[in-house]
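Per the working numbering, the very first residue in the sequence shown carries number -16; after that it's consecutive. A virtual CB, placed ideally from N, CA and C, is assigned to each residue, including glycine. Step one of this worksheet: look at the structure below.
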Amino acid sequence: MQILRCPAQLQLLEETLRKSLPTTLPVLGTVMTVARGNPASHEVLVDSWPNFSIVLTRLRPEDHRDPKDYYTNQLSVFYRDKGALQALLEGTEAVTRERAFQILGMQDGLDQAVQEAASARGLKLEPAFSIPPSAMPCCRMPPGLRLAPVSPSHISLLNATWALGGNARSRAFLLGLVRALPSACLLGPRGRPVSWSLLDGQGCLRHGYTVPAWRGRGLTGLPLNALGRELHARGFPIYCAVLPHNTASLHALQAIGFEPQPGTFHMILGTPK
């Protein structure tokens, strides 16, 4: 596959991907992040240019440090025909026996295709997410709280409350996001975060959380609004991913203006058995 490094190529790809929203969201967000300084150290590959059948984004190979770390080894994919996807998965660009990985995409059949390829290579898969994107939430700031970026000193709290976290790799991943990409949180009277949201390398608003004692006060939209304004100013689509059974978060996001989109946001985790 060919790596796109030229700004003009990335701009043309961005324009092309916008025509197929929302199914291109994870890939489009990554392409835009790469084109705007590449803080997450990803790269963009196509099978041919300019008439491509598949786009793959991935962590740059030189930044692979831990073969068991699927948090950092993120890939996203958008394809125009399933034959191109099958060829990708049967090669070594995406699914390998040697490395844990995370594949993100929003196209029907992606999860099944990855499952078949992973099974043939002796990998274990864990599928996730559905997605509700895309609006500008707006809320009022309650007294006693203030808005601030998430600090590296807050990572232990974020890691402890993340459903997929609680370990050293997830902690390092969250720390990397906070150091490289925009984030927002509400600090309580003692300077401790009570609600927060991060941006990931796919331009997705993720890892949002409000501590139990502060729930029911409409705080969800405040950090999302802060990040949303910044993303909107830079031309990014505004979207987030939520587990399908997390009805409380789904209702909260819809209450502040997010709209569920058709299809499923697949987040597929692959680890050696």
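Checklist entry - With a CB to CB cut of under 7 Å and the five nearest residues on each side skipped, what residues in its chain are close to L158? => result Locating residue 158 in the sequence shown gives position 175, where the first residue counts as 1. Around L158: P135 and I138.
Next on the checklist: By the three-class DSSP mapping on this structure, what secondary structure does R189 have?
Outcome noted: One-based indexing of the sequence shown puts residue 189 at position 206. The answer is strand: DSSP assigns R189 an E or B state.
Checklist entry - Relative to the alpha-carbon of L58, which residue among E213, G184, L210 and L205 has its alpha-carbon at the smallest distance? => result Within the sequence shown, the letter at position 75 stands for residue 58. Cα-wise, what sits closest to L58 is G184.
Item to check | Entirely enclosed beta strand (DSSP E) segments - the region 116 to 187, minimum 3 residues | outcome: 129 to 131, 166 to 170 and 176 to 182
Checklist entry - Name the DSSP bridge partner or partners of R41? => result Position 58 of the sequence shown holds residue 41. According to DSSP, R41 bridges with E26 and L58.
Next on the checklist: Please state the DSSP three-state secondary structure of M250.
Outcome noted: For this step, residue 250 is matched to residue 267 along the sequence shown. In this structure, M250 counts as strand in the three-state DSSP scheme.
Next on the checklist: With a threshold of 8 Å, are at least 3 pairs of Cβ atoms found where one atom belongs to the region 61 to 75 and the other to the region 42 to 53?
Outcome noted: no
Item to check | Burial state of N208 (16 or more Cβ within 10 Å) | outcome: Start at 1 with the first residue of the sequence shown, and residue 208 comes out as number 225. Result: buried.
Next on the checklist: Looking at the secondary structure, which residues open and close the alpha helix (DSSP H) in which Q(-6) lies?
Outcome noted: Position 11 of the sequence shown, counted from the start, is the residue given in the question as residue -6. Element bounds for Q(-6): P(-10) to R1.
Item to check | Straight-line Cα distance separating L130 from S31 | outcome: Position 48 of the sequence shown holds residue 31. Position 147 of the sequence shown holds residue 130. Approximately 45 Å between the Cα atoms of the pair.
Next on the checklist: Closest to V29 by C-alpha separation, out of Y62, E81, P132 and P5, would be which residue?
Outcome noted: The residue you call residue 29 lines up with position 46 of the sequence shown. V29 has its Cα closest to that of Y62, out of Y62, E81, P132 and P5.
Item to check | Cα-Cα separation, A167 to L233 | outcome: What you label residue 167 is simply residue 184 of the sequence shown in a count that begins at 1. What you label residue 233 is simply residue 250 of the sequence shown in a count that begins at 1. Cα-Cα distance, rounded: 20 Å.
Next on the checklist: I believe P5 touches Q244 by the beta-carbon criterion, under 8 Å. Please report the beta-carbon distance rounded to the nearest angstrom.
Outcome noted: Position 22 of the sequence shown holds residue 5. Position 261 of the sequence shown holds residue 244. That belief holds up - the Cβ atoms of P5 and Q244 are roughly 4 Å apart, short of 8 Å.
Next on the checklist: Report the CB separation of L(-7) from V14 in whole angstroms; it is logged as a contact under 8 Å.
Outcome noted: Numbered from 1 along the sequence shown, position 10 holds the residue referred to as residue -7. Numbered from 1 along the sequence shown, position 31 holds the residue referred to as residue 14. That pair is a contact at about 6 Å.
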